[in-house]
Structures are given as C-alpha cells and as structure tokens.
Amino acid sequence: MIDRDRLVATFVELAKIDSPSGEEEEVARHLVAALEELGLSVARDAYGNVIGTNGEGEGEFVLLSAHMDTVEPGRGIEPIVEGDRIRTNGTTILGGDCKAGVAAILEAIQSIKEDDVPHLPYQVAFTREEEIGVVGARNLDFSMIDAEWAVVFDGEGPPSQITSSSPTYIGFDFEITGRAAHAGVEPEKGLSAIRMAAELITRLPQGRLDDETTFNIGTIEGGTVRNAVAENAKVSGEFRSRNLEALDAIEVQLEDALRQVRELYPEARIDAHIHTEFETYTLTEDDPATVHVMGVLRGLGLEPTLRPSGGGTDGNVFRGHGISSVVVGMADHGMHTVREYVTIPDLVDAAHLCEELLRRE
Ligand SMILES: [Zn+2]
C-alpha cells in the first residue's frame, strides 16, 4: 500500500541531497542503492544515467522516468513539512522538480513489492542534466531500454495534469570577430564586434511571437576594456514553437540578419551555430501511452486534463526514439523559484498513478 509518511520521508531525504545539473553523482549513487534494495537490476550508462530493470511479469515493458538534477539555488535545501505541503525556507528551490517524481516512483515500486502485486515488466530511468537542455536523455543509451511506452513524472501540478504538447526548441550561438583598436587614438582602425552584435540583434524578433512561438536572446558578452574597440562578442539565444512553419520562418529571418550584417561588415567574421535541442510533439487521442494513462487516472477517480507546455522534458527525447511517452504532473508548484512547494495529497496520487500503471490487470 502507498504509505504517505514513508513517501514524504523519501522525498525529504532526496531533496536534501544537492544535485544541481552536472553534479548528480551523490543522488545517483543513492538511487542505485534504493533501486537495488527494491530488487531491480541497476546499471549506469556511459553518461551516468541510472537505469533499473525488473523484467518479471508479462506484458509490455513500461518505462517510468524522472530526472535527478535540479536548478539553482539548489544547495543546502531544508524542506519544511507543514500540513499538506512541503516547502523551502525561502532561500532555495525545493527540488520537487523532479524529486517528487523520483519519490513517487520509488514508493510505487515499494508498495508493489510489499503487496506482491502482479505487475508488468518495467524499467526506471533517472536521468542527468534535464534542466540544461535534456542533455542526460539525449545521451541516454537507448540500447539499454526495452520499454515500448513511458510515463515521465516531470509536469507541474497534480498527476492528472497531462502535458498535451511541447515545442521544438532551437538554440543558437553567434561568435563575432572584429578588430581591436585604441578607442581614443585610432578608432577608425577598429571594427567593433559589439556594434555588429547589436546590428544582428535588432534584426531579430523578441519575446512571444504567437500562441505557440517564443524567441529570446539570452546572453551577450564581449569586449575587454572600456577604451578599446571590442574585437570579440558572443550572443546566445533560443526559439521554440509547436508550429514547424513558424520555426522555418524564424530560421529564414536569422539567416537574413546574418547575411545583411556580413554585407555591412565584410571584414568581420561572424560564425553562427544553430542547433535543435529537442523536437515538438502533440499527443493524439489514439496514442498508446496517452490512452493507457488516461484510463488509469479515471480508474483512480482523477479526471485527466490536457495542457500544452512551453518547455521540453525527457519525454520529447523518448518520443524521438519511438517510445510513446506521456508527461504527467508530480505534485510540484512554483517550479524553478524559491516559492516552490509540493502538495502531499497530489504526491500520494502520483504514487498511486505510478502503482496502477505497473499493475497487471
Ligand atoms: Zn523537471
């Protein structure tokens, strides 16, 4: 049986282990031990993702997934349990994203094991570096994954909240090289990389472009000192959309801007690197994982709601590898802020959902 107190204790223990993106080793080792204790055979792939397998039982292999890393400020987290909520002391995030998902999965497996419930064969993937562009999932060794469908516990809100669609995410980096010169003595000999960066940026869109499309310049750096014409500048940004035509239009605009600025400054060097981080999806009514998850939710008396997301998850990557994946809520609210909190009744529901998904009828 799902044990509320044990589930909360598991979550609190996990939240206290620092695991900002790139520093997941301690929590990974903790999770390997926990899964082994639960009787799974556990392996790490070359990238350090944790993959547990319980191949017993008959039926289709299902994959349960959550990520191990958190955003900052995420060090020295002190979770506070207060009534039906778990919150922070206001100086850090809670890390409910995604440790609420991890805790729900562990509790479901524990419950199934204790009650000796007949279950589907299943795998668990706890990934690294989700928060910095689903890097762990993109490096996941899919030859180790047998599952045909997956449930990713990485959404906001209650587990009945299903992420119905997610955009394609494209990142870009410009590296601009001009020519340095003394700003006061011979500025005419210089070629300002910062000026060129500005010319580029003003030819690009910014913010929300339509219902499904956003564009952002995230960082700009360049120059060395106040009194020198800047030789180098770097600009990074990203754009996302669920509409592939909108993405194409932005790429055309990007290329146009680059061409124009290169024509304005033929002596400069402007390198551009445009890279797709993950691809869009939209759930359909007949999608196998969607049908399954919605049926199980209704069986638990939870009415599924479908909501589009502007972000991506490991689910985008799994789908790209032909694994039908559904992203569900994991009881977390106020993600990526110091106001983040987990609602315990929803967390219990997430564990119930996970348990029912594994149960063999
Ligand atoms: Zn997350």
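Counting from 1 along the sequence shown, just add 1081 to a position and that's the residue number in the numbering used here.
No residue lacks a Cβ here, since even glycine has one placed at the ideal position from N, Cα and C.
Treat the numbers as computed from the prediction; the structure is a model and nothing was measured.
> Any idea what DSSP makes of residue 1126, helix, strand or coil?
Replying inline: Reduced to three states, the DSSP call for residue 1126 is coil.
>> I'd like to confirm the pairing. Which residues does DSSP put opposite residue 1389 in its beta bridges?
In response: According to DSSP, residue 1389 shares a beta bridge with 1246.
>> To test your reading of the DSSP string, which unbroken beta strand (DSSP E) runs of 3 or more residues are found completely within the stretch 1389-1430?
In response: For the beta strand (DSSP E) assignment, the uninterrupted runs of no fewer than 3 residues enclosed by the stretch 1389-1430 are, from N- to C-terminal side, 1405-1414 and 1422-1424.
> Is the stretch 1351-1365 in contact with the stretch 1320-1338, if contact means three or more CB pairs nearer than 8 Å?
Replying inline: Because the criterion of three Cβ pairs below 8 Å is met, the stretch 1351-1365 and the stretch 1320-1338 touch.
> DSSP puts residue 1313 in a beta bridge; with which residues?
Replying inline: Note: residue 1313 is bridge-paired with 1258 in the DSSP secondary-structure output.
> Cα-Cα, which of 1230, 1251, 1103 and 1107 is closest to residue 1392?
Replying inline: Distances from the CA of residue 1392 to each of 1230, 1251, 1103 and 1107 were compared; the closest alpha carbon is that of 1251.
> Roughly how many whole angstroms lie between the Cα atoms of residue 1261 and residue 1362?
Replying inline: When the Cα atoms are used, residue 1261 and residue 1362 turn out to be separated by approximately 46 Å.
> Are residue 1099 and residue 1157 touching if we call contact CB-CB under 8 Å?
Replying inline: Yes, the Cβ-Cβ distance between residue 1099 and residue 1157 is below 8 Å.
> Would you say the stretch 1423-1442 touches the stretch 1263-1283, given that touching needs at least three Cβ pairs under 8 Å?
Replying inline: At 8 Å Cβ cutoff, the stretches do not touch.
> What is the DSSP secondary structure of residue 1379, reduced to helix, strand or coil?
Replying inline: In the three-state reduction of the DSSP assignment, residue 1379 falls in the helix class, which pools H, G and I.
> How about the stretch 1145-1153 and the stretch 1185-1204: do they share at least three Cβ pairs that are nearer than 8 Å?
Replying inline: As far as the Cβ criterion goes, the stretch 1145-1153 touches the stretch 1185-1204, which means the pair count is three or higher.
>> Helix, strand or coil for residue 1175? Go by DSSP, reduced to three states.
In response: If DSSP states are grouped into helix, strand and coil, residue 1175 belongs with coil.
> Considering only C-alpha positions, which residue in the set 1408, 1176, 1421 and 1314 is nearest to residue 1247?
Replying inline: When only C-alpha atoms are compared, the closest one is 1408.
> In this structure, does DSSP put residue 1182 in helix, strand or coil?
Replying inline: Residue 1182 falls in the helix class under three-state DSSP.
> Under the three-state reduction of DSSP, which class applies to residue 1369: helix, strand or coil?
Replying inline: Per DSSP, reduced to three states, the secondary structure at residue 1369 is helical.
> Going along the chain, which residues of its own chain have a beta-carbon closer than 7 Å to the beta-carbon of residue 1225, five neighbours each way excluded?
Replying inline: Within the same chain, residue 1225 has close Cβ partners 1124, 1126 and 1132.
> CA-CA distance, residue 1154 and residue 1176?
Replying inline: The alpha-carbon atoms of residue 1154 and residue 1176 are separated by roughly 10 Å.
> Buried or exposed: which applies to residue 1464, given that a residue is buried once 16 or more other Cβ atoms fall within 10 Å of its Cβ?
Replying inline: What the structure shows of the chain is the stretch from 1082 to 1442, and residue 1464 is not part of that stretch, so it cannot be assessed.
> When you compare each of 1273, 1290 and 1086 to residue 1308 by their alpha carbons, which one comes out closest?
Replying inline: Nearest to residue 1308 by alpha-carbon distance, out of 1273, 1290 and 1086, is 1273.
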